[in-house]
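Structure record follows, encoded as structure tokens.
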Amino acid sequence: MTRSTRGTFEPSLIGAGLLLVVSPVILYWFIHGDPDRYLWIISGPAPFSSFGSGPFQLYLYAGLVIAGSLLITTALVAKRRRRVR
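According to my numbering, the sequence shown is numbered sequentially starting from 1427.
Listed below in structure tokens is the structure:
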């Protein structure tokens, strides 16, 4: 007896997409939750020192939301195509 693995990746993609869509809120809370932590983060090495910049944060958060939305959309399209067949 063989088991089909069709349709097993959609829940994983949706979960990863939801995590990416929610992550900007968590990241914003982590960076700006405490003034001492904010200063510690922006005084760090190269990628972290840019977290104090507004445009960098905007691009980072927008990129995370877009990537999450693409994963969710991909999973929903794959699920719909599987259902049509």
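C-beta atoms are modelled at their ideal positions from N, C-alpha and C, and glycine is treated no differently.
Residue 1480 sits in a helix when the DSSP states are folded into three classes.
By the C-beta criterion, the region 1483-1502 is judged to be in contact with the region 1432-1449, since at least 3 inter-stretch pairs fall below 8 Å. Residue state for residue 1450 is assigned as helix, using DSSP reduced to three classes. For residue 1483 and residue 1438, the gap between their C-alpha atoms comes out near 27 Å. A buried status is given to residue 1498, since no fewer than 16 other beta-carbon atoms sit within 10 Å of its beta-carbon.
Taking a contact as a CB-CB distance under 8 Å, the pair residue 1501 and residue 1440 counts as one, their CB atoms being some 5 Å apart. With fewer than 16 other beta carbons inside 10 angstroms of its own, residue 1480 counts as exposed.
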